[in-house]
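**Q** In order, the protein sequences belong to chains A and B.
All the letters of the first sequence, read from the start, carry residue numbers 73 to 342 under our numbering.
All the letters of the second sequence, read from the start, carry residue numbers 86 to 349 under our numbering.
A virtual CB, placed ideally from N, CA and C, is assigned to each residue, including glycine.
Mind looking over this structure? Questions follow.
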Amino acid sequence: MHAGKWYSPGVPSSAPAELRPETGVAVELRRIMLAFGAKAVLRDLDLRLEAGRIHALIGPPAVGKSATLKLMAGLLRPDGGEVHVLGQRIDTLAERALGPVRARMGMLFQNNALFDVSVGENVAFPLRRGDASLSEAAIAERVAERLAKVALPGLETRQPRDLSGGQKKRVGLARATVADVALVLYDEPTAGLDPVTSQKIYDLVKGEQRATGGTAVVVSSDVGGVLTIADHVVMLHEGRVVFEGTAHDARASPIPVVHQFVHGTLEGPL
Amino acid sequence: MSPGARGLALPAFLGRQALALLTQIGGLALLARDLGRAARPESGGLDRVELLRHLYRMGVRSVPVVAATAAFTGGIMVLQAAPFVEQFGAKDFVGFFATFVTFRELGPLLIGLIFNGRVGANNTAELATMVVTEQVDGLRALAIDPVSYLVLPRVVAMTLTMVALVVLGDAVALLGALGVAHVLLDVTFAQFLDSALSRLESWDLLVGLLKALLFGVGIALASCFYGLRVRGGAPGVGRAVNASVVASAAGIFITDYLSTFLLP
């Protein structure tokens, strides 16, 4: 795979500043129903995520956190309900019509989803997406700047297979944010990482959001870590939202399932 | 299980199998439709760099195994026929017989099966791995159409490569046949060539190339289809490769039968 020529169904070169919703609602899910075969995952899920904040989506395993994130990216279609992202309803859009919305968002995948090309080419992918105005020199400069930002300067020519788990996460993070997007979706950004590296990743997520003023949605099973950066916490359980509030509220919540999950106690309904 | 339910078990099984088959045929048809859309210039057209990369990987690197198989096949063909050729004094027919069988049947069929095992299986495994490691979702999240970027160059490369490999394989197989005919039957190059050219028609070569084209398209579509619809992580990749190779092999034989029947 290379990063030469792109399929670009009318994707704008970069998100116009006036389209970036630093205020208002970045994501809204209405009465979402989602099932995988006979297994219902999300049941009448309602969720509103304000723009310009870091939202943590937490919950026990297999509760539909990653599926919710993929709904926001248009990678999954709900069986019922509406998905509104950056001011546009996307669940009714054809795959090709999702291009302009996706051009305004970035996503870090749980498995990093790095392509079999160099680190530099991986990070450059979103910049080449339908954009004929950026010169190769400008792309290289932006990639170098972004790699330096995630503490991987000069690694452009390395292959992803030669990187450690933490380095791969940072490359994925650099790729997700390189195009100056309005919404960044992080799926388990610290999965499989040690506590120190995890905290570095969280600091990068927070630093990026504070620098751009965009919206970040972080799905994480690492409750202790993600609560240190979240402005808004949402907990899912049995396909629904069982808690919404600040990190402080989450820690102090008397709801048994929230209390048990946030504090990691063995006794409780989970 | 009640007697009534037992009586319905076989029809239910057959119904499920028929539905699964129809689902796969429908999926292949939808993929072909998406390929047609992706090939339009307004959709970005064909990525030439990706095409060249796949032509090298799938074509150039298949040459040794195809050449070796073809050389031995050509030789074995004459080896098997040699006792009868001597018995009936049919040396004048050796060149025609070897060329006719190679062009019309053995060349496309054997090279199709080798191509399916080497390139088709590899292609399915690669695409399936990309799916389970979320790379395909990664492309979609970047507003890049996986059919346009991943599938179209592979289908074009596999089709072109299959035809080119059959041309090469036919030539090598005939060299193998000529070599064995010369050693065992004392047939000269001129005799071999004259026997082939005096009886062979250009249609015989075209039928073989048409078969190669159909096999190439079939293997390419099936290998991409099974790769992209993988489910279930790493074990799913193995199942996808297995399904792709089996379906393509069956498709090769069915297509071969029908094309032989329809193209006299």
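Under 8 Å, with one C-beta from each stretch per pair, do the stretch 145-161 of chain A and the stretch 100-119 of chain B reach the 3-pair mark?
**A** The stretch 145-161 of chain A vs the stretch 100-119 of chain B: no contact.
**Q** Between G205(B), L285(B), F157(B), V240(B), which has its C-alpha nearest A266(B)'s C-alpha?
**A** Of the candidates G205(B), L285(B), F157(B), V240(B), the one whose C-alpha sits nearest the C-alpha of A266(B) is F157(B).
**Q** Under the DSSP definition of a beta bridge, which residues are partnered with V289(A)?
**A** The partner list for V289(A) (beta bridge, DSSP) reads H127(A), L257(A).
**Q** Only counting the same chain, and skipping five residues up and downstream in sequence, which positions put a Cβ closer than 7 Å to that of F310(B)?
**A** Closer than 7 Å at Cβ, skipping near neighbours: G112, L113, L116.
**Q** Looking at the C-beta of T218(B), does it have a partner C-beta in chain A at a distance below 8 Å?
**A** It does: the Cβ of T218(B) has a partner Cβ on chain A nearer than 8 Å.
**Q** Per DSSP, what kind of secondary structure is V135(A) in: helix, strand or coil?
**A** Three-state DSSP puts V135(A) in coil, outside helix and strand.
**Q** For G286(A), would you say it is in contact with chain B, using Cβ-to-Cβ distances shorter than 8 Å as the test?
**A** So, not an interface residue.
**Q** Identify every run of the beta strand (DSSP E) within the stretch 157-211 of chain A, keeping only runs that are complete inside it and at least 3 residues long; order them along the chain.
**A** The qualifying runs are 177-180.
**Q** Using the beta-carbon count (16 or more within 10 Å), is G285(A) buried or exposed?
**A** It counts as exposed.
**Q** Please return the same chain residues whose Cβ sits closer than 7 Å to the Cβ of V150(B), not counting the five positions on each side in sequence.
**A** Closer than 7 Å at Cβ, skipping near neighbours: I199, R203.
**Q** Counting only runs of 4+ residues fully inside the stretch 249-336 of chain B, write out the alpha helix (DSSP H) ranges in chain order.
**A** Listed in chain order, the complete alpha helix (DSSP H) runs (minimum 4 residues) inside the stretch 249-336 of chain B are 274-284, 287-313.
**Q** Between which two residues does the alpha helix (DSSP H) carrying V221(B) extend?
**A** Per DSSP, V221(B) belongs to the alpha helix (DSSP H) from 220-226.
**Q** CB A185(A) to CB Q220(B), shorter than 8 Å?
**A** Yes, they are a contact pair.
**Q** Output yes or no for whether 8 Å exceeds the beta carbon distance between M307(A) and G136(A).
**A** No, Cβ-Cβ distance for M307(A) and G136(A) is not below 8 Å.
**Q** Would you call the stretch 217-236 of chain B and the stretch 166-181 of chain A touching, i.e. three or more CB-CB distances under 8 Å?
**A** At 8 Å Cβ cutoff, the stretches touch.
**Q** So with CB distances below 8 Å, who are the chain B contacts of L147(A)?
**A** Those are D222, R225, A226, listed as they occur along chain B.
**Q** How about the stretch 309-325 of chain A and the stretch 274-285 of chain A: do they share at least three Cβ pairs that are nearer than 8 Å?
**A** No contact exists between the stretch 309-325 of chain A and the stretch 274-285 of chain A.
**Q** In chain order, what residues of the same chain lie with their CB nearer than 7 Å to the CB of R185(B), ignoring the 5 residues before and after it?
**A** Just to set this straight, residue 185(B) is Phe in the shown sequence, not Arg. Answer for F185(B): L285, D289, listed in chain order.
**Q** Just reading off the beta strand (DSSP E) that G317(A) is part of, what are its end residues?
**A** Here the beta strand (DSSP E) through G317(A) covers 312-317.
**Q** Under 7 Å Cβ-Cβ, which residues of chain B neighbour F108(A)?
**A** Those within 7 Å of F108(A) in chain B number zero; the least Cβ separation is about 10 Å.
**Q** Which residues in chain A sit within 9 Å of D341(B), going by Cβ to Cβ distance?
**A** Neighbours of D341(B) on chain A: none; closest Cβ ~34 Å, over 9 Å.
**Q** Take the Cβ of A371(A) as the centre, count every other Cβ of all protein chains shown within 10 Å, and call the residue buried at 16 or more, exposed below.
**A** One cannot answer for residue 371(A) here, as it falls past the ends of chain A, which runs 73 to 342.
**Q** Can you list the alpha helix (DSSP H) stretches of 4 or more residues lying completely in the stretch 158-197 of chain B, in chain order?
**A** Listed in chain order, the complete alpha helix (DSSP H) runs (minimum 4 residues) inside the stretch 158-197 of chain B are 176-186.
**Q** Check A98(A) in the structure and name its three-state DSSP category.
**A** A98(A) falls in the strand class under three-state DSSP.
**Q** Is the beta carbon of G180(B) sitting closer than 8 Å to the one on D255(B)?
**A** No, these two residues do not count as a Cβ contact at 8 Å.
**Q** Taking a contact to mean a Cβ-Cβ separation below 8 Å, would you say A307(B) touches L237(B) in this structure?
**A** Against a cut-off of 8 Å, the Cβ pair of L237(B) and A307(B) comes out as no contact.
**Q** Taking just the CA atoms, how far does A112(A) sit from L349(A)?
**A** Outside the shown range of chain A (73 to 342) lies residue 349(A), about which nothing can therefore be said.
**Q** To the nearest angstrom, how far is it from the Cα of A302(A) to the Cα of S128(B)?
**A** For A302(A) and S128(B), the distance between alpha carbons rounds to 40 Å.
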